[in-house]
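Read the structure below first, then the notes.
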Amino acid sequence: ILKDQTLDAAQRIRIYERRGRASLTLFDFGEAVQDFSEVLKAEPDNLPILAGRAEALNEHGEHGKAADDWARVVALNPSDMAARLKLGFSHLTAGASDKATEAYEGAVKLDEKNPEARIGLAKAYEKLNQRDKADDSLKAALIINPANSSALFVQGEIAEARGDKKQAIESYSLSLKANGMQIKPRQALQRLGIETPP
Numbered sequence: 023i024l025k026d027q028t029l030d031a032a033q034r035i036r037i038y039e040r041r042g043r044a045s046l047t048l049f050d051f052g053e054a055v056q057d058f059s060e061v062l063k064a065e066p067d068n069l070p071i072l073a074g075r076a077e078a079l080n081e082h083g084e085h086g087k088a089a090d091d092w093a094r095v096v097a098l099n100p101s102d103m104a105a106r107l108k109l110g111f112s113h114l115t116a117g118a119s120d121k122a123t124e125a126y127e128g129a130v131k132l133d134e135k136n137p138e139a140r141i142g143l144a145k146a147y148e149k150l151n152q153r154d155k156a157d158d159s160l161k162a163a164l165i166i167n168p169a170n171s172s173a174l175f176v177q178g179e180i181a182e183a184r185g186d187k188k189q190a191i192e193s194y195s196l197s198l199k200a201n202g203m204q205i206k207p208r209q210a211l212q213r214l215g216i217e218t219p220p
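Numbers in my numbering are just positions in the sequence shown, counted from 1, shifted up by 22.
Right under this line is the structure:
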């Protein structure tokens, strides 16, 4: 279709947009990145396309580039909590723990009662070896929701990394109890020698 000489620039952009969305849905992340990039050449502030390219970049393993796009989304729409959380995740996955901390702190400022922001912040603090801050952030997440399976799981991960097997087992067990459908806490418990019911 794009070879059709009768198409104007606006029509081409919309084709790239549709094709990019289709590629993202079909897990063809490299193609999605290329098509979304074509749209962004003409429309650099197109928020849905920026977010789409960021998602595709993350899935493609290009977390640093994804973080750049998420940062642009946040700059254009500072109240977008999902984008702030994804910005933190992208930085954390790219190994930029200091930038992840900033992103998650911004998310906490936006909504102090968002447990995901607190959990992400705890992970970032732990990576920076700021253990007390990591513990406080997880405690805050568990005050918001004491049965938050994600917070309990991360608490287990942190305890295990610190060599506290007893605390790790307790946290993983509570995570599994809070959400019995999760695979990760079950696998973690089995790795630590604890049998879990099927």
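Every residue gets a Cβ at the ideal spot worked out from N, C-alpha and C, and that includes glycine.
In this text, all values refer to a predicted model and were calculated from it rather than measured experimentally.
Fewer than three Cβ pairs drawn from the region 181–192 and the region 159–166 lie within less than 8 angstroms of each other, which leaves the two stretches out of contact. Within the region 104–139, complete alpha helix (DSSP H) segments of at least 4 residues are found at 119–132, given in chain order. Excluding five sequence positions before and after ALA54, the CB atoms of its chain that fall closer than 6 angstroms to its own CB belong to GLY42, SER45, LEU46, ALA78, given in chain order. Going by DSSP, GLU53 is part of the alpha helix (DSSP H) stretching over 51–64. Shown here, LEU29 sits in coil according to DSSP, grouped into three states, outside any helix or strand.
ALA64 places its beta carbon 9 angstroms or farther from that of GLY86.
Following the DSSP letters along the chain, one finds ALA169 in no alpha helix (DSSP H), marked with neither H nor E. With at least 16 other beta carbons inside 10 angstroms of its own, GLU39 counts as buried. Taking 9 angstroms as the cut-off, the Cβ atoms of LYS206 and SER195 do not count as close. No Cβ-Cβ contact shorter than 9 angstroms links ASN136 with SER171.
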